[in-house]
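So the structure is just underneath, and the comments pick up after that.
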Amino acid sequence: MTEASAHAPSTTQPEDFFQLLKPRVMSVVVFTAATGLIIAPGSINPIVAAIAILCIAIGAGAAGALNMAIEGETDALMRRTRGRPVAAGRLKRNDAIAFGIVLSVFSVMLLGMNTNWFAAGMLAMTIVYYAVFYTMMLKRRTPQNIVIGGAAGAFPPVIGWAAATGSAPWQAWLLFLIIFLWTPPHSWALALYSAGDYAKAGIPMMPVARGAKSTRLQIWLYSLIFVASAVAPGFVGMGGLIYQIVSIAGGLFFLALALRLWRSRAGDAPDKAEAVGREAALYDVRAEAKPARNLFAFSILYLVALFASLLVESFTLPGL
């Protein structure tokens, strides 16, 4: 750092700290955690429940802040992430780390005192898993990074269930399994049309390490297993008719999109013989990426619909 930059006025804004929390990811975490908490058997004081969900949200934000702090230089190399606070230089790395650590300790301690220490321990484990095991150890070392690391995003409904009951039975782990198996087709669909960014940043995402064709096949295979897990709650007493309709109809559409993606050329390098000039080449890439974009977008809608159906039916079905 030069002397001039050391004394330059800070450009940090309050919104930069908010962006560190990865608010879009946090919203999914809150929703799935709330589902686990609400559909768990028994009752919980509404205020206690609200504080528990707040703690899980803050914990997720803390993990996001630590991830951005660690990945600042890598994020700066990718178009999708170069505007993040640390990557863009609006926020110092050490400040982001301190922010993440403070939020981590606060969220875990408050959740433990508000509900139980089993749930708090799971929240702490999730933060460490994402910030250390995934970000620092897995992400740059294996194309299976998102498969193994995806567990971090699958824990919130289990933590919510544990906050309500002090335990994590098989029903909670079925919710975990749904998100865990959803993550590879969702993330690899994004990676198919962002492979250039990942390659530039040195991240061995599946399209970079194994190629687009292999990635499309693995998306299809994971989609088959994911949809099977997604429809399961409707047949084990966790969801009723609404859930069955949503999970089966949405699952069939999900599989149709995954099959279309498998048969497409999404992620393949454009054939120079088919492209005339730079604009034509860019058009080809965008057109071929459409099946991947469609699956990525619908995967979010489908996951939300699944958990929303469970929430709706939790008010009409007897306890598990």
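This note's numbering applies: residue 223 is where the sequence shown begins, and numbers increase by one. The beta carbon of each residue, even a glycine, is placed where N, CA and C say it ideally should be.
Contact test: residue i Cβ vs the ligand PLP heavy atom, cutoff 7 Å
i      : result
Ala530 : Because no ligand of any kind appears in the structure shown, any question about the ligand PLP cannot be addressed here.
Range of the contiguous alpha helix (DSSP H) that encloses residue i
i      : result
Asn338 : Premise fails: Asn338 is in no alpha helix (DSSP H) and is neither H nor E.
Ser409 : 392-414
Asn289 : 268-292
Ser389 : From DSSP, Ser389 is part of no alpha helix (DSSP H); its letter is neither H nor E.
Ala376 : 373-376
Gly472 : 463-484
Leu543 : Because the chain spans 223 through 542 in this model, residue 543 falls outside it and cannot be assessed.
Thr437 : 434-453
Candidates the options: closest to residue i by CA position
i      : options                        : result
Thr405 : Leu525, Val330, Leu276         : Leu525
Lys244 : Ala376, Cys277, Pro307         : Pro307
Lys314 : Ser536, Thr234, Ala274         : Thr234
Ser486 : Ile370, Ala434, Gly375         : Ala434
Thr348 : Ser445, Ala373, Ala320, Ala291 : Ala373
Leu288 : Ala342, Ile269, Leu276, Ala353 : Ala353
Ala342 : Ile370, Ala390, Gly473, Pro236 : Ala390
Asn336 : Thr254, Ile269, Ala285, Tyr351 : Ile269
Contacting residues, own chain, Cβ-Cβ under 7 Å from residue i (five flanking each side not counted)
i      : result
Met344 : Phe377, Val380, Ile381, Ala384
Arg301 : Asp419
Ala596 : No answer is possible for residue 596: it lies beyond the span of the chain, which begins at 223 and ends at 542.
Trp395 : Val380
Ile260 : Leu533, Ser536
Burial state of residue i, where buried means 16 or more other Cβ atoms lie within 10 Å
i      : result
Ile278 : buried
Glu510 : buried
Ser416 : buried
Leu532 : buried
Pro365 : buried
Phe529 : buried
Ala256 : buried
Ala346 : buried
Glu535 : buried
Met290 : buried
Gly264 : exposed
Ala502 : Any reading at Ala502 needs caution, since the residue's pLDDT is 40, under 50, leaving its predicted position unreliable; the model's value is listed next. Ala502 comes out exposed.
Asn367 : buried
Met248 : buried
Close-in-space but distant-in-sequence residues of the same chain around residue i (CB under 6 Å, 5 per side omitted)
i      : result
Gly388 : Asn338, Phe340
Ala411 : Ala514, Leu517, Phe518
Ala488 : Leu414, Glu510, Ala511, Pro513, Ala514
Ser451 : Leu399, Ile400, Leu403
Gly222 : Since the first residue of the chain shown is 223 and the last is 542, residue 222 is not available in this structure.
Ala495 : For Ala495, the predicted structure reports a pLDDT of 41, less than 50, and the residue's modelled location is therefore unreliable. A value from the coordinates is still provided. None.
Ala298 : Arg304, Ala309
Beta-carbon contacts of residue i that lie in its chain and below 8 Å, excluding the five residues immediately before and after
i      : result
Thr437 : Trp410, Ala413, Leu414, Met428, Pro429, Gly489
Leu439 : Trp484
Cutoff 8 Å: residue i Cβ touching any chain B Cβ
i      : result
Ala320 : In the structure shown, chain B cannot be found, because there is only a single protein chain.
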